[in-house]
Amino acid sequence: MAEGNIRELVAFRIDAEEFAVDIGSVQEINRVTEVRKIPNAPPHVQGVINLRGKITPVVDLRGMLGFEARATDAQSRIIVVEVGGVVVGFLVDAVSEVVRLPKASIDAPPSVAGVDSAFVDGVGKMDKRLLILLDLQKMFLSPEGPRVAGLG
Amino acid sequence: MSDELIDGDELQEIIQEFIVECTDLIDSAIRDLVGAERDPSPQVINSLFRAVHTIKGTSAFLGFTQLSTLAHRAEDVLGRARKAEIALEPAIITTLLKAMDVMKLLVDDISSSGKEARDITRLLSELDAVTTNSLPATPWPTSASCEPAGEMPNDLKHQAAEPTEYGELARSGGDEPAGQNGQNGQESHEAKSLSGKEQTVRVDVRKLDELMNLAGELVLGKNRLALLNVLLKERGDTRDGLLDTLAEVTNYIEMLTNDLQVAVMKARLVPISKLFNKVPRLVRDVCAACGKEADLQIEGGETELDKSLIETLQDPLTHVIRNAVDHGIEGPVERREKGKDPRGRVLLKAYSQGNQVVIDIVDDGRGIDADALRARVVEKGLALPAEVERMAAEELSNFIFLPGLSTAREVTSVSGRGVGMDVVKTNIERINGHVYVNSEKGRGTRLTITLPLTLAIMKALLVRVGGDLYAVPLSVVMEVVKPSQGLIKRVRGSEVLVLREEIIPLLPLSKILSCGLTREEESSVIICKGPDRPIGLRVESVVGQEEVVIKSLGEFLKGVKWVSGATIRGDGEIALILDLAGIMANSYRPRAAA
Numbered sequence: 001m002a003e004g005n006i007r008e009l010v011a012f013r014i015d016a017e018e019f020a021v022d023i024g025s026v027q028e029i030n031r032v033t034e035v036r037k038i039p040n041a042p043p044h045v046q047g048v049i050n051l052r053g054k055i056t057p058v059v060d061l062r063g064m065l066g067f068e069a070r071a072t073d074a075q076s077r078i079i080v081v082e083v084g085g086v087v088v089g090f091l092v093d094a095v096s097e098v099v100r101l102p103k104a105s106i107d108a109p110p111s112v113a114g115v116d117s118a119f120v121d122g123v124g125k126m127d128k129r130l131l132i133l134l135d136l137q138k139m140f141l142s143p144e145g146p147r148v149a150g151l152g
Numbered sequence: 001m002s003d004e005l006i007d008g009d010e011l012q013e014i015i016q017e018f019i020v021e022c023t024d025l026i027d028s029a030i031r032d033l034v035g036a037e038r039d040p041s042p043q044v045i046n047s048l049f050r051a052v053h054t055i056k057g058t059s060a061f062l063g064f065t066q067l068s069t070l071a072h073r074a075e076d077v078l079g080r081a082r083k084a085e086i087a088l089e090p091a092i093i094t095t096l097l098k099a100m101d102v103m104k105l106l107v108d109d110i111s112s113s114g115k116e117a118r119d120i121t122r123l124l125s126e127l128d129a130v131t132t133n134s135l136p137a138t139p140w141p142t143s144a145s146c147e148p149a150g151e152m153p154n155d156l157k158h159q160a161a162e163p164t165e166y167g168e169l170a171r172s173g174g175d176e177p178a179g180q181n182g183q184n185g186q187e188s189h190e191a192k193s194l195s196g197k198e199q200t201v202r203v204d205v206r207k208l209d210e211l212m213n214l215a216g217e218l219v220l221g222k223n224r225l226a227l228l229n230v231l232l233k234e235r236g237d238t239r240d241g242l243l244d245t246l247a248e249v250t251n252y253i254e255m256l257t258n259d260l261q262v263a264v265m266k267a268r269l270v271p272i273s274k275l276f277n278k279v280p281r282l283v284r285d286v287c288a289a290c291g292k293e294a295d296l297q298i299e300g301g302e303t304e305l306d307k308s309l310i311e312t313l314q315d316p317l318t319h320v321i322r323n324a325v326d327h328g329i330e331g332p333v334e335r336r337e338k339g340k341d342p343r344g345r346v347l348l349k350a351y352s353q354g355n356q357v358v359i360d361i362v363d364d365g366r367g368i369d370a371d372a373l374r375a376r377v378v379e380k381g382l383a384l385p386a387e388v389e390r391m392a393a394e395e396l397s398n399f400i401f402l403p404g405l406s407t408a409r410e411v412t413s414v415s416g417r418g419v420g421m422d423v424v425k426t427n428i429e430r431i432n433g434h435v436y437v438n439s440e441k442g443r444g445t446r447l448t449i450t451l452p453l454t455l456a457i458m459k460a461l462l463v464r465v466g467g468d469l470y471a472v473p474l475s476v477v478m479e480v481v482k483p484s485q486g487l488i489k490r491v492r493g494s495e496v497l498v499l500r501e502e503i504i505p506l507l508p509l510s511k512i513l514s515c516g517l518t519r520e521e522e523s524s525v526i527i528c529k530g531p532d533r534p535i536g537l538r539v540e541s542v543v544g545q546e547e548v549v550i551k552s553l554g555e556f557l558k559g560v561k562w563v564s565g566a567t568i569r570g571d572g573e574i575a576l577i578l579d580l581a582g583i584m585a586n587s588y589r590p591r592a593a594a
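Going down the list, the protein sequences come from chains V and D. If you count the first sequence from 1, position 11 lands on 11 in our numbering, and the numbers rise without skipping. If you count the second sequence from 1, position 134 lands on 134 in our numbering, and the numbers rise without skipping.
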């Protein structure tokens, strides 16, 4: 949610990188429950979880961003977002905090090594930290995202 | 029409009812007309006459003069046909069908603006021309142009000797075409509703949606209650009979919930004939437009499905039928050259299977040319030549669902632009259904559409495959056996179970669901009702029976194969519901000659 020139974001960590998404899209943050695999699922769709009675798909954000898979631990969380009417969850290694970043501190996305810049909205600077802002629309609703079912 | 006798609101209501009744009468008249072309029995002609007569009367009463005049002219034609003064030749049928279409348009005009707004003078003179110029009829039953029902032409008999999936079309030609029965059977039903009072209420579908959701949530609550009961029982506190009372109440709620759920489901169901009824006319029109000859057979019109699905299926069904006639079925000359009956056959069949409704559209036309398809796929850059070479027929035929992939040699006015099948697939998947195609070059094509029954609270058999939980609709399950109870053999590369002298093909679920299970771990076989014979599913273990609420997999996973939904058990674990009809339609080979 952007109020004037501040963006409110939820920051989280995958491996050693920090990312952030707009707080307006975040529905909830849960502890990790078992993700039920779906046979012949479209690429990057890890499976589904039971979110208070609703079947919610979980997307492999790590994979989409080019990170290798890793086992979850006590700090791992599932962030559930709503994008364009679709509710989707993704696993992260840890959730840091809610940050309020002035727009002035956000740079346009450069080509950041190791991360597909198609999904990056910008890079935020906070003290010594760099937050890679993710464009959820592009990640989940575009052809490059999990939507592509191919012939499957 | 004096307004003092009937006030404004009441008049509106009367007009609304008139619109509904008229539309129904016109629709059934259209069906009757198409049926009368093949078999102009007195009953059908009478039914047509009565329908048009009623339209004439009620529209006159309400002051809709154009509709009334048009109906009157049509009535004149039908009156003469009734007296055998004229024969209902195709040209006359076409004119009458035109009249019906215009009547419908007039009704639409009335519905949207309250007034008729068309110029029907040309149509009226056409109808007049028919009545004055036509030849007298030969006494019914008419001559050789009508194929006597129940006889199979010789070429088809020859085909029937080799039973294949398409052979079933020839075989069933031996029975009186179901569509015909439908016409006559329909007709007596029509007679009742013309005079009778209907005990129906029109309900907004959204209200039914709401009821459905509530019923579903109630079942989930009931499941949790039942689980609690079990847990408390295990604690063994039987003092003061409180536990017993709780159990009793839980049972009662369970019973009520079941009944409520069934009632809500039933309220939403309508017979699929509502959808199928437009098809005879469609086939007639497409045949005329493309110069083909085809007989349509409809089976299972009484199969019920959720009201919400009917509308969504109109377009896809229309497109598939058009395709079957336009591209599938060859012209009469070509068919004769191939040794086929010059009249093609299209079978439209519906049946329910567990918690699904299955619609088959089968034609005995030229089938999908696998080589031409391969070439097209490579040409469009969708796959490499090496890849398509390796693909089995089923995988290959899935390509026809991609946009722009028509292999029709010319783009006809009816279809062929290649934009159809992908839209069909998308529309079907939007309602949680699946489409499968099976084809044999030269013999024909079968398209199978599977649809879930929307309020899906169903009894299921829970099984584990590859450690994961799956639900199989209990209604398709015939029995559960251990492989050792029978004999497992390999026939032409597939496994079968020989059980009590019956050969049951086995489907390796672990392979289909990509679980990578080894044979030893598959300890049970679930024998299910297949499309035309029992089929066995190999699973790791059987967990038990349970009543499950089917939840949609959501947007991302709508198109996933083999799975039609998911359910959450009382303990929170997710079980995936198997799309059995789809699995069977796609994976299993038709009954091979023994």
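Quick reminder that beta carbons are idealized off the backbone N, C-alpha and C, glycines included.
For V:Gly24, no chain D residue has a C-beta closer than 8 Å to its own C-beta; the minimum C-beta separation is roughly 20 Å. Taking 8 Å as the CB threshold, V:Thr56 lines the interface with chain D. Secondary structure note for D:Ser524: its beta strand (DSSP E) is the uninterrupted segment 524-529. Of all C-beta pairs linking the stretch 463-481 of chain D to the stretch 542-556 of chain D, three or more are shorter than 8 Å, placing the two stretches in contact. Under the 8 Å Cβ criterion, the stretch 362-370 of chain D does not count as touching the stretch 458-467 of chain D, having fewer than three qualifying pairs. In this structure D:Asp532 is exposed. Its beta-carbon is surrounded by fewer than 16 other beta-carbon atoms within 10 angstroms. DSSP places D:Asn46 within a helical segment (H, G or I) once states are collapsed to three.
As computed with DSSP, D:Thr445 is found in a beta bridge with D:Asp363, D:Ser439.
Taken through DSSP and simplified to helix, strand or coil, V:Gly53 comes out as coil. Within the stretch 555-566 of chain D, contact with chain V at the beta-carbon level (separation under 9 Å) is assigned to Glu555, Phe556, Leu557, Lys558, Gly559, Val560, Lys561, Trp562, Val563, Gly565, Ala566. Around the Cβ of D:Asn277, a 10 Å sphere holds 16 or more other Cβ atoms; the residue is buried. Using a Cβ-Cβ cut-off of 8 Å, D:Ile526 does not count as an interface residue toward chain V, since no Cβ of chain V sits closer than that to its own. The beta-carbon separation of V:Ile79 and V:Val32, rounded to 11 Å, does not stay under the 8 Å limit for a contact. The continuous stretches of alpha helix (DSSP H) do not include V:Asn30, which lies in the beta strand (DSSP E) extending over residues 26-31. C-alpha of D:Ala29 to C-alpha of D:Leu48: approximately 6 Å in a straight line.
As for any alpha helix (DSSP H) of minimum length 4 sitting wholly inside the stretch 468-553 of chain D, the runs are 509-512, ordered along the chain. About 16 Å separates the CB atoms of V:Val10 and V:Val123; that is not less than 8 Å, and the two are not in contact.
Nearest to D:Leu469 by C-alpha distance, out of D:Val201, D:Gln66, D:Ile577, D:Gly530, is D:Ile577. Taking D:Gly300 as the centre and dropping the five residues before and after it, the same chain places the C-beta of Lys349, Ala350, Tyr351 closer than 6 Å to its C-beta, in chain order. Against chain D, the beta carbon of V:Ile38 has neighbours under 9 Å at Leu553, Leu557, Val560, Val563, Ala566, Leu576, listed in chain order. Take the alpha-carbon of D:Arg538 and the one of D:Leu106: they are about 58 Å apart. Listed along chain D is no residue with a C-beta nearer than 8 Å to that of V:Asn30; the closest approach is about 13 Å. Residues of chain V with a Cβ closer than 7 Å to the Cβ of D:Gly572 are, in chain order, Asn50.
In the DSSP secondary-structure assignment, V:Pro109 is not bridged to any residue. In the assembly as shown, D:Asn251 is an exposed residue. Its beta-carbon has fewer than 16 other beta-carbons within 10 Å. A distance below 6 Å between beta-carbons, with the five flanking residues on each side excluded, links D:Ile359 to the following residues of its chain, in chain order: Ala350, Ile449. Within the same chain, Cβ atoms closer than 8 Å to the Cβ of V:Ile14 are found at Leu61, Arg62, Leu65, Phe67, Val92, Asp93, the five residues on either side in sequence being excluded. With a threshold of 8 Å between beta carbons, D:Ser484 makes no contact with chain V.
No residue range can be given for D:Asp119, since it is assigned to no alpha helix (DSSP H) and is classified by DSSP as neither H nor E. Selection D:Met100, D:Ala294, D:Glu217 evaluated against D:Thr257 yields D:Glu217 as nearest (Cα-Cα). Legend: CB atoms of the stretch 208-228 of chain D lying less than 9 Å from CB atoms of chain V belong to residues Glu217, Leu220. Contact between the stretch 311-331 of chain D and the stretch 283-290 of chain D is established, with three or more Cβ pairs separated by less than 8 Å. Within chain V, no residue has its beta carbon less than 9 Å from that of D:Leu78; the closest one is some 52 Å off.
A contact is defined here as three or more CB-CB pairs under 8 Å, and the stretch 84-97 of chain D fails this definition with respect to the stretch 54-69 of chain D. Shown here, D:Thr69 sits in a helix according to DSSP, grouped into three states.
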